[in-house]
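Protein chains in written order, with our numbering: chain A, 1 to 177; chain B, 1001 to 1159.
Structure first, then comments.
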């Protein structure tokens, strides 16, 4: 294997080892491997039924909404209205936190302020409506309501702190290639 | 599953409207979306692999055992650490949390566990670093960890 081949293969090394491990586990009847396989498939189904559609929306958002417009609403001078908009945007979404990073990238690209990007991430992790529904079902309305009301001001403060710290520094959200 | 279905319906509907309005623009959007998806699918799979391994090493029963009734400040601390490191999907974490409450765990322990699970991710940190750079990603996680602890304590006081 040449160096170039190795560089091409490198990102897949975990995946390849995992597949070999699973095939081996089933071949030799190694039970822990089977348990791991079961929990992997559950998360995998959760991801694959959801993430491709998320990227359809992100792609469409990218072509339909010009930067100037988005920037006006959630950019540097957007104030409370901007915060409200990113919180609502986050609430309408679903899925695990890693699904929010690509959205954060597109918001950055469209000129969202630093504060609003981090408020978005905070709201995404704790205020998604589909998740609140499940939370009410399992933990009750009172718990969910108190948690939500306590969390909201805290991650808005976190957003402000991030902006304060990063304002004079070079801040960038990178496109993952 | 239901939520996913709603989201899929929404995406398909949006795509159809977009196609009707402007075919070329829509196809460009699809292409951009697909490119982003292609770039991210392997890191995502790596996260899922890590999560399934972690769930095997620390199974839900063990979590319930150490965070249950009378676990006090130590339970709170364990909940914070476990919640920060792992990323447990909602369909597993909510049943765990509800089981914890039934077993007599305190509200603050359950709150800090759920909040760190959602807001802080050591497992997803490598991916987050790719997007935000090392310093910002670590800073965000630390700030959110702090926020999660405050949330846990406040909920304990309120409820």
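From the three backbone atoms N, C-alpha and C, an ideal C-beta is built for every residue, glycine too.
Per-residue burial, residue i [other beta carbons within 10 Å of its own, 16 or more giving buried]
i	result
residue 82 (chain A)	buried
residue 32 (chain A)	exposed
residue 93 (chain A)	buried
residue 147 (chain A)	buried
residue 1145 (chain B)	buried
residue 149 (chain A)	exposed
residue 1140 (chain B)	buried
residue 135 (chain A)	buried
residue 1021 (chain B)	exposed
residue 174 (chain A)	exposed
residue 1069 (chain B)	exposed
residue 133 (chain A)	exposed
residue 1128 (chain B)	buried
residue 1091 (chain B)	exposed
residue 1059 (chain B)	exposed
residue 105 (chain A)	buried
residue 122 (chain A)	buried
residue 97 (chain A)	buried
residue 18 (chain A)	buried
residue 1042 (chain B)	exposed
residue 108 (chain A)	buried
residue 63 (chain A)	buried
residue 1147 (chain B)	buried
residue 34 (chain A)	exposed
residue 8 (chain A)	exposed
residue 1067 (chain B)	buried
residue 145 (chain A)	exposed
Reduced DSSP category for residue i - H, G, I as helix; E, B as strand; rest coil
i	result
residue 1096 (chain B)	helix
residue 1103 (chain B)	coil
residue 168 (chain A)	coil
residue 94 (chain A)	coil
residue 1068 (chain B)	coil
residue 77 (chain A)	coil
residue 29 (chain A)	coil
residue 149 (chain A)	helix
residue 111 (chain A)	coil
residue 127 (chain A)	coil
residue 1090 (chain B)	helix
residue 135 (chain A)	helix
residue 1123 (chain B)	coil
residue 175 (chain A)	coil
residue 2 (chain A)	coil
residue 65 (chain A)	coil
residue 188 (chain A)	The displayed coordinates of chain A run from 1 to 177. Any statement about residue 188 (chain A) would go beyond what the structure contains.
residue 140 (chain A)	coil
residue 40 (chain A)	helix
residue 1058 (chain B)	coil
residue 1159 (chain B)	coil
residue 18 (chain A)	helix
residue 82 (chain A)	helix
residue 49 (chain A)	coil
residue 1083 (chain B)	helix
residue 1133 (chain B)	coil
Residue i: CB within 6 Å of a non-hydrogen atom of the ligand NAP
i	result
residue 69 (chain A)	The ligand NAP is not part of the structure shown, which contains no ligands of any sort.
Chain A contacts from the stretch 1133-1153 of chain B (Cβ-Cβ distance under 9 Å): Answer in chain order: 1133, 1135, 1136, 1139, 1140, 1143, 1144, 1146, 1147, 1148, 1150, 1151.
Uninterrupted beta strand (DSSP E) stretches inside the stretch 1013-1047 of chain B (no shorter than 3 residues): Counting whole runs of 3 or more residues, the stretch 1013-1047 of chain B contains no beta strand (DSSP E) stretch at all.
Where the stretch 115-147 of chain A meets chain B: residues whose CB sits under 8 Å from a CB there: Contacts with chain B (Cβ-Cβ distance below 8 Å) from the stretch 115-147 of chain A involve 118, 121, 122, 125, 126, 130, 131, 133, 134, 135, 137, 138, 139, 142, 143, 146, 147, listed in chain order.
Selection of the stretch 52-69 of chain A by Cβ proximity to chain B, strictly under 9 Å: Residues passing the 9 Å Cβ filter: 52, 53, 54, 55, 56, 57, 58, 59, 60, 61, 62, 63, 64.
Residues, ordered as in the chain, of the stretch 1044-1062 of chain B that lie near chain A by beta-carbon distance below 9 Å: Under the 9 Å Cβ criterion, the stretch 1044-1062 of chain B contributes 1044, 1045, 1046, 1047, 1048, 1049, 1050, 1051, 1052, 1053, 1055, 1056, 1059.
Near-chain A residues of the stretch 1004-1022 of chain B - C-beta to any C-beta below 7 Å: Taking 7 Å as the Cβ-Cβ cut-off against chain A, the residues of the stretch 1004-1022 of chain B that qualify are 1004, 1007, 1008, 1011, 1014, 1015, 1018.
Interface positions of the stretch 67-98 of chain A facing chain B (Cβ-Cβ less than 7 Å), listed along the chain: Sequence-ordered contacts of the stretch 67-98 of chain A with chain B read 94, 96, 97, 98 [C-beta pairs closer than 7 Å].
Residues of the stretch 2-27 of chain A whose Cβ lies closer than 8 Å to any Cβ of chain B, in chain order: From the stretch 2-27 of chain A, only 11, 12, 14, 15, 18 have a Cβ closer than 8 Å to chain B.
Contact list for the stretch 1097-1116 of chain B against chain A, Cβ threshold 8 Å: Taken in chain order, the members of the stretch 1097-1116 of chain B whose beta-carbon sits within less than 8 Å of a beta-carbon on chain A are 1097, 1098, 1101, 1107, 1110, 1111, 1114, 1115.
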